[in-house]
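Q: In order, the protein sequences belong to chains A and B. Numbered according to my numbering, the first sequence spans residues 278 to 492. Numbered according to my numbering, the second sequence spans residues 16 to 25.
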Amino acid sequence: MNIFRLAGDMTHLASVLVLLLKIHTIKSCAGISLKTQELYAIVFATRYLDIFTDFISLYNTIMKLIFLGSSFSIVWYIRQHKIVRRSYDKDQDTFRYVFIVLPCIFLALIINEKFTFKEVMWTFSLYLEAVAILPQLVLLQRTRNIDNLTGQYVFLLGAYRALYILNWIYRYFTEPHYIHWIPWIAGIVQTLLYGDFFYYYFHSWKNNKKLQLPA
Amino acid sequence: EVEPPPKDEL
């Protein structure tokens with residue numbers, strides 16, 4: 278494990294836990310896209326099918342369990358919690374699942390490393406993760422401002438993506454035969470999606486004002 | 016054909 282990978286995992290973990298703890302503490306999910314959160318829960322559920330069949334390390338297993346538990350908890354809070362669910366603005370969170378999920382299923386079926394159930398599901402989770410943030414970004418654009426919660430959340434997710442790319446570069450040069458085209462390309466697409474957001478995030482941070490995304 | 020190593024990333 279290299280430092281980029283560890284830092285990437287930690288920012289990823291922080292993004293999910295910060296979101297969960299804040300929803301739990303302030304009893305509000307205003308500005309959070311339930312659709313993005315549900316897509317992430319699906320990402321973890323389909324990617325970690327190997328959790329009971331392949332043991333990699335205690336670290337690996339524990340992290341998988343935390344990601345599964347926290348992502349499903351967030352979805353539960355937004356959908357089921359009697360106070361939190363009232364702050365969910367369903368009318369603004371309008372991105373259609375089919376536009377995201379169907380292309381990912383289609384791509385995973387035709388572009389994968391091996392045509393087995395587990396492998397196709399794993400590939401699907403990579404494609405889905407790359408675009409799962411879209412409903413959240415659309416919601417941000419629509420409400421045209423970002424509070425600390427969503428700002429920190431998207432920032433931490435972006436940091437995780439950037440660190441994972443550094444991790445892949447590091448592993449490519451230090452480990453023999455470390456070539457994984459599918460996660461690399463999906464990961465780069467995912468990181469590019471954040472690039473646009475980052476521009477506005479830093480711009481607003483520099484000017485020390487509330488973030489306003491263009492219409 | 017060599018089996019690929021298990022996926023160790025999250």
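Glycine residues also receive a C-beta, built at the ideal position from the N, C-alpha and C atoms.
#1: Within its chain, find whatever has a CB closer than 7 Å to the CB of Ala318/A; leave out the 5 residues flanking it on each side and keep chain order.
#2: Would Val378/A pass as a contact of Cys306/A if the rule is Cβ separation under 8 Å?
#3: Are the C-beta atoms of Asn389/A and some chain B residue less than 8 Å apart?
#4: Roughly how many whole angstroms lie between the Cα atoms of Leu414/A and Asp424/A?
#5: From the beta carbon of Lys395/A, is the nearest beta carbon of chain B less than 8 Å away?
#6: Kindly list, in the order they appear in chain B, the residues whose Cβ is closer than 7 Å to that of Asn484/A.
#7: Contact check, Leu386/A vs Val397/A under 8 Å by CB: the rounded distance?
#8: Is there a C-beta anywhere in chain B that falls below 8 Å from the one on Met398/A?
#9: If contacts are defined as beta-carbon pairs under 8 Å, then Thr302/A and Ile410/A qualify, I think. What distance do you get, rounded to the angstrom?
#10: Take Val431/A as the anchor and find which of Ala291/A, Arg282/A, Ala284/A and Ile280/A has the nearest alpha-carbon.
#11: Report yes if the C-beta distance between Gly464/A and Tyr447/A is below 8 Å; otherwise report no.
#12: Tell me whether Ala307/A sits in a helix, a strand or coil according to DSSP, three-state version.
#13: Grouping DSSP H, G and I as helix and E and B as strand, with all else coil, what is Ala409/A?
#14: For a contact defined as C-beta to C-beta under 8 Å, what are the partners of Phe401/A on chain B?
#15: Can you name the residues of chain B whose CB is closer than 9 Å to the CB of Phe344/A?
A: Let me lay it out:
#1: Excluding residues within five positions, the ones whose Cβ falls inside 7 Å are Ser348, Phe349 and Val352.
#2: Contact flag unset, no.
#3: It does not; no Cβ of chain B falls within 8 Å.
#4: If you take the alpha carbons of Leu414/A and Asp424/A, they lie about 13 Å apart.
#5: By the rule that beta-carbons nearer than 8 Å mark a contact, Lys395/A does not touch chain B.
#6: By Cβ distance, chain B contributes nothing, its closest Cβ being about 35 Å from Asn484/A, past 7 Å.
#7: About 6 Å separates the two Cβ atoms, so the contact holds.
#8: Output row for Met398/A: interface = no.
#9: Contact flag wrong, Cβ pair sits at about 23 Å.
#10: The shortest C-alpha separation from Val431/A is found at Ala291/A.
#11: Their beta carbons are not under 8 Å apart, which means Gly464/A does not touch Tyr447/A by this criterion.
#12: Coil, per DSSP.
#13: Looking at Ala409/A - three-state DSSP - the assignment turns out to be coil, as it is neither helix nor strand.
#14: Residues of chain B whose Cβ lies closer than 8 Å to the Cβ of Phe401/A do not exist; the shortest such Cβ separation is about 14 Å.
#15: By Cβ distance, chain B contributes Leu25.
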